[in-house]
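Enquirer: I'd like to ask you about the structure that follows.
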Amino acid sequence: MLFLAEFSVLNPSFGLFFWTTVIFILVWLFLGRFFKNIAQALQTREDFIDGSIATAKEAEAALAGIEGERTAKIRDAEQRSLEILREAESIKKKKIAEGETRGKEREQNILVAAEQDKQNRLKEMETNIQNSIGQTSIEIAKQILSRELNGDHEAYVKAQIEAIKRGELVA
C-alpha cells in the first residue's frame with residue numbers, strides 16, 4: 182500500500198493518465214468493432230423516440246383541433262337550443278293570443294245569439310199578447326153584439342174590463 186501514498190486524484194501521474202487513455206481507446210475500438218449492433222440499437226431507439234415525439238406532437242395538434250371543433254359544436258348547439266326556445270316561446274304567445282281572440286269571438290257570438298234570442302222572445306211575447314188582446318177583443322165584441330141585441334152594453338163592457346184586470350175572462 183505504500184505505492185498509493187503518492188497518489189492524488191487532483192494531480193495524477195503521467196503514466197496513470199497514459200495507460201488509462203490507451204486502455205479506454207482499446208476498449209472503445211473493441212466494443213465498436215464487435216458490438217456494432219449496440220450502436221445500431223441505440224440509433225434505432227433514438228429514431229423511434231424521435232418518431233414517437235413527432236407523432237405525439239401531431240396527435241396533440243389534432244386533439245387541439247378536435248377540441249376546438251367540439252367547443253364550436255357545443256356553442257352551435259347552445260345557440261340552436263336558444264333559438265328553438267325563443268321560437269317555442271313566440272309560438273306559445275301566438276297560440277295564447279289566438280285562443281284569446283277565438284274566445285272573445287265566441288263570447289261575442291254567444292252574446293249576439295243571446296240578444297237575438299231575447300229579441301225573438303220579446304217579439305213572440307208581443308205577438309202572443311196581441312193575439313190574446315185580439316181574441317179578447319173579439320170575444321168582447323161578440324158579447325157586445327149579443328148584449329146590443331139585448332140592450333145594456335155599456336155596463337157589460339165595464340164589467341168585462343174589470344174582469345180582464347182581475348185576470349178573469351168571462352165568456
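Just so we're on the same page, the working numbering is the position in the sequence shown counted from 1, plus 181.
Think of the CB as a built atom: it goes at the ideal place given N, C-alpha and C, for glycine as much as any other residue.
Rounded to whole angstroms, what is the Cα-Cα separation between Gly315 and Glu307?
Expert: Their Cα atoms are separated by approximately 12 Å.
Enquirer: Sorted by chain position, which residues of the same chain lie with C-beta nearer than 8 Å to Met182's C-beta, five sequence neighbours on each side aside?
Expert: Residue confidence is low: Met182 scores 47 on pLDDT, short of 50, so the model does not pin down where it sits. Its coordinate-derived value is still stated next. Cβ neighbours of Met182 beyond the five flanking positions: none.
Enquirer: Starting from Phe205, trace the alpha helix (DSSP H) in both directions and tell me its first and last residue.
Expert: Unbroken alpha helix (DSSP H) run through Phe205: Phe195 to Phe215.
Enquirer: Taking DSSP as the reference, what is the three-state secondary structure of Gly348?
Expert: It is coil, neither helix nor strand.
Enquirer: Do Ile219 and Leu210 have their C-beta atoms within less than 9 Å of each other?
Expert: No, the Cβ-Cβ distance between Ile219 and Leu210 is not below 9 Å.
Enquirer: Using the Cα positions of Gln341 and Glu288, report the straight-line distance between them to the nearest angstrom.
Expert: Approximately 49 Å between the Cα atoms of the pair.
Enquirer: Compute the distance between the beta-carbons of Ile321 and Val293, then report whether it is under 9 Å.
Expert: Taking 9 Å as the Cβ cut-off, Ile321 and Val293 do not qualify as a contacting pair.
Enquirer: Is the CB-CB distance between Ile277 and Thr317 below 9 Å?
Expert: No, they are not a contact pair.
Enquirer: Can you tell me whether Asn180 is helix, strand or coil according to DSSP?
Expert: With the chain running from 182 to 352 in the structure shown, residue 180 is simply not present.
Enquirer: Out of curiosity, what's the CA-to-CA distance linking Lys285 and Ser313?
Expert: Cα to Cα, Lys285 sits roughly 41 Å from Ser313.
Enquirer: Classify Leu191 as helix, strand or coil using the three-state DSSP reduction.
Expert: Leu191 falls in the coil class under three-state DSSP.
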